[in-house]
């Protein structure tokens with residue numbers, strides 16, 4: 024299996040990249056197939072909207088295809104696509120902030136086992152959980168982009184600090200400090216419910 | 008940072024010992040660790056809602072549609088630039104050659120067109136510069 028966050032790449036992925044660069048659409052399709060879910064969920068965690076996540080992740084692959092000649096076959100495919108996608112995601116986020124737009128469907132994009140537990144716990148607990156869920160969605164949506172990005176990679180993708188650092192091309196210390204700021208900010212926003 | 012490593016289970020045995028010594032001596036760090044662990048419990052329980060399976064079947068087609076549209080936009084833009092430039096050039100040439108328009112009006116029209124061109128080039132240049140060179144473009148405002 025390909026190591027997709029570091030600098031190591033397996034022979035099969037390398038072969039697909041080389042064939043894609045030669046114009047083989049089927050090979051590029053296989054690369055997309057291997058990484059589309061991961062790209063989609065990374066965008067969803069950040070943007071909180073199914074339609075935006077789908078559109079942006081597909082746009083990132085389309086741009087990757089357009090500039091496939093620049094791709095180094097000796098390096099993994101996903102970090103490269105992720106770098107394209109994060110620029111698109113940050114642009115959307117900046118536009119949303121400029122427009123003062125609120126996160127669409129603020130509570131429809133994540134599920135948590137807290138809610139499932141609450142269903143078994145009765146109406147009072149359910150109310151409490153639903154308040155927590157609502158506040159949590161709002162708190163994540165309100166984080167600064169770079170903090171939200173690290174939180175999403177850590178909590179939703181379950182990556183290690185080293186993997187996040189390699190993916191974002193930043194030192195591990197920066198990953199930890201962004202994560203700390205994100206959690207501190209969440210703790211502040213969730214004060215009273217956590 | 009040791010607190011973060013502890014919360015995420017990424018401390019080495021040496022760092023665990025170091026943190027244990029700090030926790031024994033510092034109540035504030037203790038409460039910070041508890042606070043971060045609570046947040047980790049809440050965010051750790053969250054998973055992203057999976058989309059309908061159908062979207063994965065159509066995913067690649069949409070990627071190719073975007074690729075094709077990208078090519079389409081480039082060709083459309085190139086064609087539009089050539090057509091507009093040609094029309095603009097012919098319009099200016101016609102304006103200069105005609106004797107039906109008084110000289111002062113010719114001068115005013117030319118001045119307005121040159122002014123519009125200067126402003127357009129300046130705005131485009133600024134946008135391109137901001138997009139590629141602005142060192143603060145990723146800073147949260």
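Residue numbers (this note's numbering), protein chains in the order written: chain A, 24 to 217; chain B, 8 to 148. The beta carbon of each residue, even a glycine, is placed where N, CA and C say it ideally should be.
| request: Tell whether a beta-carbon distance below 8 Å holds between residue 108 (chain B) and residue 117 (chain B). | output: no
| Rounded separation between residue 42 (chain B) and residue 210 (chain A) - CA only | 7 Å
| From the beta carbon of residue 19 (chain B), is the nearest beta carbon of chain A less than 8 Å away? | no
| query | Can you tell which of A:171, A:92, A:33 has the C-alpha that lies nearest to the C-alpha of residue 46 (chain A)? | reply | A:92
| request: Please confirm if residue 88 (chain A) has its CB atom under 8 Å from at least one CB of chain B. | output: yes
| query | Given that a residue counts as buried once 16 or more other Cβ atoms are within 10 Å of its Cβ, and exposed if not, what is residue 128 (chain A)? | reply | At residue 128 (chain A) the pLDDT is 43, less than 50, meaning the model places this residue with poor confidence; the figure from the coordinates comes in the next sentence. By the 10 Å Cβ count, residue 128 (chain A) comes out exposed.
| task | Please state whether DSSP places residue 55 (chain B) in a helix, a strand or coil. | result | strand
| task | Evaluate the contact criterion for the stretch 63 to 81 of chain A versus the stretch 66 to 81 of chain B: three or more CB pairs, one atom per stretch, below 8 Å. | result | yes
| query | So is residue 71 (chain A) buried or exposed if we call it buried at 16+ other beta carbons inside 10 Å? | reply | buried
| request: Taking all protein chains shown into account, decide if residue 105 (chain A) is buried (16 or more other Cβ within 10 angstroms of its Cβ) or exposed. | output: buried
| field | Residue from A:172, A:121, A:178 with nearest C-alpha to residue 47 (chain B) | value | A:178
| field | Beta-carbon spacing of residue 176 (chain A), residue 187 (chain A) below 8 Å | value | yes
| field | Contacting residues, own chain, Cβ-Cβ under 7 Å from residue 24 (chain B) (five flanking each side not counted) | value | none
| query | When you check each C-beta in the stretch 66 to 95 of chain A against every C-beta of chain B, which residues fall closer than 7 Å? | reply | 67, 68, 73, 77, 81, 82, 84, 85, 88, 89
| request: Could you check the C-alpha separation between residue 99 (chain A) and residue 54 (chain A) for me, to the nearest Å? | output: 11 Å
| task | Please list the partners that residue 101 (chain A) has in chain B, where partner means a Cβ-to-Cβ separation under 9 Å. | result | Per Cβ cutoff of 9 Å: no residues; residue 101 (chain A) is ~15 Å from chain B at best.
| field | Which of helix, strand or coil DSSP assigns to residue 178 (chain A) | value | helix
| field | Residue of A:48, A:182, A:65, A:56 minimising C-alpha distance to residue 88 (chain A) | value | A:48
| residue 70 (chain B) - containing alpha helix (DSSP H), residue span | 61 to 104
| query | Mind pulling the chain A residues with CB within less than 7 Å of residue 69 (chain B)? | reply | 81
| request: Could you check how far apart the C-beta atoms of residue 59 (chain A) and residue 63 (chain B) are, in whole angstroms? I think they sit under 8 Å. | output: 7 Å
| request: Grab the span of the alpha helix (DSSP H) containing residue 199 (chain A) for me, first residue to last. | output: 195 to 212
| If you measure from the beta carbon of residue 11 (chain B) to each beta carbon in chain A, is any gap under 8 Å? | yes
| Contact check, residue 172 (chain A) vs residue 109 (chain A) under 8 Å by CB: the rounded distance? | 7 Å
| message | Within 8 Å of any Cβ in chain B, is that where the Cβ of residue 36 (chain A) sits? | response | no
| query | residue 50 (chain B): buried (16+ other C-beta within 10 angstroms of its C-beta) or exposed? | reply | buried
| said: Could you give the first and the last residue of the continuous alpha helix (DSSP H) run that contains residue 26 (chain B)? | reply: 20 to 32
| request: Can you give me, in chain order, the residues of the stretch 39 to 73 of chain B that have a beta carbon less than 8 Å from any beta carbon in chain A? | output: 42, 43, 45, 46, 47, 49, 50, 51, 52, 53, 54, 55, 56, 58, 62, 63, 66, 67, 69, 70, 71, 73
| Closest by C-alpha distance to residue 38 (chain A), when choosing among A:96, A:65, A:64 | A:96
| field | Partners in chain A for residue 8 (chain B), counting only beta-carbon separations shorter than 8 Å | value | 196, 199, 200, 203
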